[in-house]
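Asks:
Residue numbers (my numbering), protein chains in the order written: chain A, 8 to 141; chain B, 65 to 537.
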């Protein structure tokens, strides 16, 4: 009985650390669910598409400029508009999205978010050619 | 010759009579710098990993700490313990920290009785917590949690060793030590005690008497007995496990529960890497307040609980048959028969049923162990296959040994690699072969049922491993 209670405590302690603030999710494809970071990243991307359009991606996807011109393109396919698998397997894209979600929640403007992203991720790699927001 | 006589012969004859098939291991255990030199190397690595777990602005794609710990060390550990047994426990920095505390505080009491009484359950809780945290917190991508775990384990190992004699943390609480303890039943490297080692129990930090060393799972290869004057210490042999499967007699209730717990955790980890997991998430999230972690925790707990319950049901069915066999004079119920003469029929029946159930459960769990190890190695291979090179690149980048040359992460999240699948199926097949061998080896009732359960589990894992799998969650 003690063992069962201990197990239940462990279960609820770990589960209690989870993020339950998210509202209804859009109909995500399967690859989005493979990690908590991925799900949260796609949630933020879906809710903040207009910000992601003005933020460059530093993961190195610049190598394919036709496909990737800003961070939104890592989450949404530029041609079809559907969700793209790329970000689900990319730590940098997800980290950037998480930061955007946090800073947007703090009330920062798109320009301020862009500047912070540039400052934080500039060492990670070459950014996409994304124009500065006006 | 049976396992027991082999081990007994090894113990009685002493080191001189043992054929050491891999020169190097015994001299290593007796080397004056073993394990101290390794401890200092791993202390340095531990400090660096803790630093990087919290360091901002890293150059690599992933965090260096998570890449090294979960994409290189953890999958590598499976293969290390297959060939090197618990040698990791010998050189592990947490064990080193515990030994260091022992040198600082010489006079300490023995661990309190609660550790001995609750030891097995502390171990089960520790492995369950570790498995659940690994899966629910996504430790592979969670640098902060990885850093906290490393710091927590260091303090626990040091603090408990300051307070109590011996490696209390390693012996009762370390999940990695407990996992290696269970799997090392099938290690090729097997430590042996010698009769000249009567003084060794006094110096052994996990309180083992080499004369009754339960091969090879108890010995942590810490090197304490091999360095103590007047004690000859352990010797080792390197033998593929196939010619002599280990005996069920060495397998306790703790190992039985741990074996099935690990089977459940491996099943959860395998499912997590397939699209079935996404389907489960899509179904469960709306019912659980869109809390991802809660869905994982409940899913893993449900799977582990179901597997334990199923095994318990099978053991109960088999237990009844064992009792019948025992009444005929060939089974575990002989103690019950003797006690029945004393007249307490109800108590005897309960005790007899309990023993039969426990014995049957252990036998079942023991048969499943090689298959569980096969799954562990298959998953480890999956991680190494997909993550080892990017992880090494991260280490080199962070060490400034290579420069940034652009990065394009794989867009195919769930991938199929035929050579990888073949290797994984081969590992599962080896697990099946040994599991069936163990299921048949126990001559009591239920060999056929145990074999059927082993085959069912193999089919389930085989199905999962044939699906496209994600290499990094």
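Just so you know, even glycine gets a beta-carbon here, dropped at the ideal spot from N, CA and C.
1. Any beta-carbon of chain A closer than 9 Å to the one on residue 208 (chain B)?
2. Per DSSP, residue 254 (chain B) is paired with what?
3. Could one say the Cβ of residue 117 (chain A) lies closer than 9 Å to chain B's Cβ atoms, at least one of them?
4. Using CA coordinates, which residue listed in B:379, B:234, B:224 is at the minimum distance from residue 514 (chain B)?
5. Within the 9 Å Cβ cut-off, does residue 518 (chain B) reach chain A?
6. Excluding the five sequence neighbours on either side, which residues of its own chain have a C-beta within less than 6 Å of the C-beta of residue 139 (chain B), listed in chain order?
7. Which first and last residues belong to the alpha helix (DSSP H) in which residue 284 (chain B) is found?
8. Would you check if the distance between the CB atom of residue 163 (chain B) and the CB atom of residue 286 (chain B) is smaller than 9 Å?
9. Kindly list the residues whose CB is nearer than 7 Å to the CB of residue 92 (chain A), restricted to its own chain and excluding five residues on each side of it in sequence; keep chain order.
10. Can you tell which of B:365, B:343, B:503 has its C-alpha closest to the C-alpha of residue 34 (chain A)?
11. If you follow the alpha helix (DSSP H) that residue 163 (chain B) is part of, which residue opens it and which one closes it?
12. Mapping DSSP to helix, strand and coil, what is residue 83 (chain A)?
13. Against residue 122 (chain A), what residues of chain B qualify as contacts under a CB-to-CB distance less than 9 Å, listed in chain order?
14. Per DSSP, what kind of secondary structure is residue 432 (chain B) in: helix, strand or coil?
15. If you check the beta carbons only, do residue 143 (chain B) and residue 252 (chain B) fall under 9 Å apart?
16. Taking only beta carbons into account, state which residues of the segment 38-70 of chain A come closer than 7 Å to chain B, listed in chain order.
17. Report buried or exposed for residue 131 (chain B), applying the criterion of at least 16 other Cβ atoms within 10 angstroms of its Cβ.
18. Assuming residue 89 (chain B) and residue 370 (chain B) make a contact with CB atoms under 8 Å, what is their CB distance in whole Å?
19. Taking one C-beta from the segment 494-502 of chain B and one from the segment 422-442 of chain B each time, how about it: are there three or more such pairs within less than 8 Å?
20. Counting contacts by CB-CB distance shorter than 9 Å, is residue 80 (chain A) in contact with chain B?
21. Looking only at DSSP bridge pairs, what is residue 533 (chain B) linked to?
22. Verify the CB distance criterion: does residue 32 (chain A) have a CB-CB separation below 9 Å to chain B?
23. For residue 392 (chain B), count neighbouring Cβ atoms within 10 angstroms of its own Cβ and tell me buried if that reaches 16, exposed if not.
24. Residues of chain B with CB under 7 Å from residue 95 (chain A), in chain order?
25. Alpha carbon to alpha carbon, how far is residue 464 (chain B) from residue 458 (chain B)? Give it in angstroms, no decimals.
26. Between the alpha carbons of residue 117 (chain A) and residue 60 (chain A), how many angstroms are there, rounded?
27. Out of curiosity, what's the CA-to-CA distance linking residue 430 (chain B) and residue 502 (chain B)?
28. Report the option in B:199, B:173, B:126 whose CA atom is closest to the CA atom of residue 336 (chain B).
29. Whole angstroms are fine: how far does the CA of residue 155 (chain B) sit from the CA of residue 100 (chain B)?
30. Please compile the residues from chain B whose C-beta is within a distance smaller than 7 Å of the C-beta of residue 87 (chain A).
31. As an exercise, report each continuous alpha helix (DSSP H) stretch of at least 4 residues that is fully enclosed by the segment 436-460 of chain B, in chain order.
32. Residues of the segment 336-354 of chain B in Cβ contact with chain A at a cutoff of 9 Å, in chain order, please.
33. Less than 9 Å between the C-beta atoms of residue 133 (chain A) and residue 67 (chain A), yes or no?
34. Checking 9 Å against the spacing of the C-beta atoms, do residue 318 (chain B) and residue 188 (chain B) come in under that value?
35. Interface residues of chain A around residue 463 (chain B) at Cβ under 8 Å?
Replies: In this structure, then:
1. If you number the second chain from 1, residue 208 (chain B) lands on position 144. No, no contact with chain A.
2. Locating residue 254 (chain B) in the second chain gives position 190, counting from the first residue. In DSSP, residue 254 (chain B) forms a bridge with B:301.
3. Taking the first residue of the first chain as 1, we reach residue 117 (chain A) at position 110. With 9 Å as the cut-off, residue 117 (chain A) does not count as an interface residue toward chain B.
4. Walking along the second chain from the start, residue 514 (chain B) turns up at place 450. Checking every option, the nearest Cα to that of residue 514 (chain B) belongs to B:379.
5. Working through the second chain from its first residue, we reach residue 518 (chain B) at position 454. Cβ-Cβ to chain A under 9 Å: no for residue 518 (chain B).
6. By 1-based counting over the second chain, the position of residue 139 (chain B) is 75. Result list for residue 139 (chain B): 444, 447, 448, in chain order.
7. Working through the second chain from its first residue, we reach residue 284 (chain B) at position 220. Note, residue 284 (chain B): premise wrong, no alpha helix (DSSP H); not H, not E.
8. On the second chain, position 99 is the one that residue 163 (chain B) refers to. On the second chain, position 222 is the one that residue 286 (chain B) refers to. Result yes, Cβ atoms of residue 163 (chain B) and residue 286 (chain B) sit closer than 9 Å.
9. Position 85 of the first chain holds residue 92 (chain A). These residues qualify, in order along the chain: 38.
10. To locate residue 34 (chain A), count along the first chain from 1; it is residue 27. Taking only the C-alpha atoms, the option nearest residue 34 (chain A) is B:343.
11. As a working mapping, residue 163 (chain B) is identified with position 99 in the second chain. Start and end: 157-168.
12. In the first chain, counting from the first residue as 1, residue 83 (chain A) sits at position 76. If DSSP states are grouped into helix, strand and coil, residue 83 (chain A) belongs with the strands.
13. Position 115 of the first chain, counted from the start, is the residue given in the question as residue 122 (chain A). Under the 9 Å cutoff, chain B gives no residues; its nearest Cβ is about 16 Å from residue 122 (chain A).
14. Sequence index remark: in the second chain, residue 432 (chain B) carries index 368 (1-based). Here residue 432 (chain B) sits in helix by DSSP.
15. Sequence index remark: in the second chain, residue 143 (chain B) carries index 79 (1-based). Sequence index remark: in the second chain, residue 252 (chain B) carries index 188 (1-based). Their beta carbons are not under 9 Å apart, which means residue 143 (chain B) does not touch residue 252 (chain B) by this criterion.
16. 38, 40, 41, 42, 43, 44, 46, 66, 67, 68, 70
17. The residue you call residue 131 (chain B) lines up with position 67 of the second chain. Buried: at least 16 other Cβ atoms inside 10 Å.
18. Within the second chain, numbered from 1, the residue matching residue 89 (chain B) stands at position 25. Within the second chain, numbered from 1, the residue matching residue 370 (chain B) stands at position 306. With a Cβ gap of about 41 Å, residue 89 (chain B) and residue 370 (chain B) do not count as contacting.
19. yes
20. Against the first chain, residue 80 (chain A) aligns to sequence position 73. No, its Cβ sits nowhere closer than 9 Å to a Cβ of chain B.
21. Position 469 of the second chain, counting from 1, holds the residue named residue 533 (chain B). According to DSSP, residue 533 (chain B) bridges with B:479.
22. Residue numbering aside, residue 32 (chain A) sits at position 25 when the first chain is read from its first letter. For residue 32 (chain A), the answer is yes, since a Cβ of chain B falls inside 9 Å of its Cβ.
23. In the second chain, the residue the question calls residue 392 (chain B) occupies position 328. The predicted model places residue 392 (chain B) with a pLDDT of 42, which falls under 50 and marks its position as unreliable; any figure quoted below should be read in that light. So residue 392 (chain B) counts as exposed.
24. Locating residue 95 (chain A) in the first chain gives position 88, counting from the first residue. In chain order: 477.
25. The sequence position of residue 458 (chain B) within the second chain is 394, counting from 1. The sequence position of residue 464 (chain B) within the second chain is 400, counting from 1. Rounded to whole angstroms, residue 458 (chain B) to residue 464 (chain B) spans 10 Å at the Cα level.
26. Translated into positions along the first chain, residue 117 (chain A) becomes position 110. Translated into positions along the first chain, residue 60 (chain A) becomes position 53. Residue 117 (chain A) and residue 60 (chain A): Cα-Cα distance of roughly 10 Å.
27. As a working mapping, residue 430 (chain B) is identified with position 366 in the second chain. As a working mapping, residue 502 (chain B) is identified with position 438 in the second chain. So the two alpha carbons sit approximately 7 Å from each other.
28. As a working mapping, residue 336 (chain B) is identified with position 272 in the second chain. For the residues B:199, B:173, B:126, the minimum Cα distance to residue 336 (chain B) belongs to B:199.
29. To locate residue 100 (chain B), count along the second chain from 1; it is residue 36. To locate residue 155 (chain B), count along the second chain from 1; it is residue 91. Their backbone Cα atoms lie some 8 Å apart in a straight line.
30. To locate residue 87 (chain A), count along the first chain from 1; it is residue 80. None at all; the shortest Cβ gap to chain B is about 14 Å.
31. none
32. 336, 337, 339, 341, 342, 343, 344, 345, 346, 349, 350, 352, 353, 354
33. The residue you call residue 133 (chain A) lines up with position 126 of the first chain. The residue you call residue 67 (chain A) lines up with position 60 of the first chain. Yes, Cβ-Cβ distance for residue 133 (chain A) and residue 67 (chain A) is below 9 Å.
34. Mapped onto the second chain, residue 318 (chain B) falls at position 254. Mapped onto the second chain, residue 188 (chain B) falls at position 124. In contact: residue 318 (chain B) and residue 188 (chain B) (Cβ atoms closer than 9 Å).
35. Counting from 1 along the second chain, the entry for residue 463 (chain B) is found at position 399. The premise fails here: residue 463 (chain B) is roughly 15 Å from chain A at the closest Cβ pair, so nothing lies under 8 Å.
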